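Participant: The structure follows.
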Amino acid sequence: MGKTRAYKVIFELAEEGGYTVYVPSLPGCISEGDTYEEALANVKEAIKGWIEVSEQFGDEIPQSDVIVDVVEISLSDEQTA
């Protein structure tokens, strides 16, 4: 079984519809898709391609950078009305 790496990705709604996806730790690694699922599949392929090209050129590949946390906030009655 191969190595597993995990990277943060940022999904942004595109003006023309669908999503644009950025991988902050991998400069220039950007993808898109018409649906969330398509964008997710496409960015996985983009990450694999980014790493393969970096390996071919002997470039450093950033480590996985996943941070998962839950943020709780409290809204006052005015803010929820």
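Quick note on the numbering used here: the sequence shown kicks off at 438 and runs consecutively. From the three backbone atoms N, C-alpha and C, an ideal C-beta is built for every residue, glycine too. Owing to the predicted nature of the structure, the values given are computational and were not obtained by experimental measurement.
Checking 9 Å against the spacing of the C-beta atoms, do residue 460 and residue 449 come in under that value?
Facilitator: Working through the sequence shown from its first residue, we reach residue 460 at position 23. Working through the sequence shown from its first residue, we reach residue 449 at position 12. Going by C-beta atoms, residue 460 is not nearer than 9 Å to residue 449.
Participant: Might you give, ordered along the chain, the residues of its own chain that have their beta carbon closer than 8 Å to the beta carbon of residue 454, omitting 5 neighbours on each side?
Facilitator: As a first step, residue 454 must be located in the sequence shown, where it is residue number 17. Excluding sequence neighbours, residue 454 sits near 471.
Participant: Can the beta-carbon of residue 469 be found closer than 9 Å to that of residue 479?
Facilitator: Walking along the sequence shown from the start, residue 469 turns up at place 32. Walking along the sequence shown from the start, residue 479 turns up at place 42. It is a contact, given that the beta carbons lie within the stated cut-off.
Participant: Measure how close the beta-carbons of residue 503 and residue 443 come, nearest whole angstrom, since I'm counting them as under 8 Å.
Facilitator: On the sequence shown, position 66 is the one that residue 503 refers to. On the sequence shown, position 6 is the one that residue 443 refers to. Contact flag correct, Cβ pair sits at about 4 Å.
Participant: Go ahead and label residue 456 buried or exposed: buried means 16 or more other beta carbons lie within 10 angstroms of its beta carbon, across all protein chains shown.
Facilitator: As a first step, residue 456 is located in the sequence shown; it is residue number 19 there, counting from the start. Under this definition residue 456 is a buried residue.
Participant: With burial defined as no fewer than 16 other Cβ atoms inside 10 Å of the residue's Cβ, what is the status of residue 447: buried or exposed?
Facilitator: In the sequence shown, residue 447 corresponds to position 10, counting from 1. Residue 447 comes out exposed.
Participant: Please report the distance separating the alpha-carbon of residue 490 from that of residue 473.
Facilitator: As a working mapping, residue 490 is identified with position 53 in the sequence shown. As a working mapping, residue 473 is identified with position 36 in the sequence shown. Spanning the two alpha carbons is a distance of roughly 26 Å.
Participant: Does the distance from the C-beta atom of residue 462 to that of residue 481 stay below 9 Å?
Facilitator: Sequence index remark: in the sequence shown, residue 462 carries index 25 (1-based). Sequence index remark: in the sequence shown, residue 481 carries index 44 (1-based). Contact: no.
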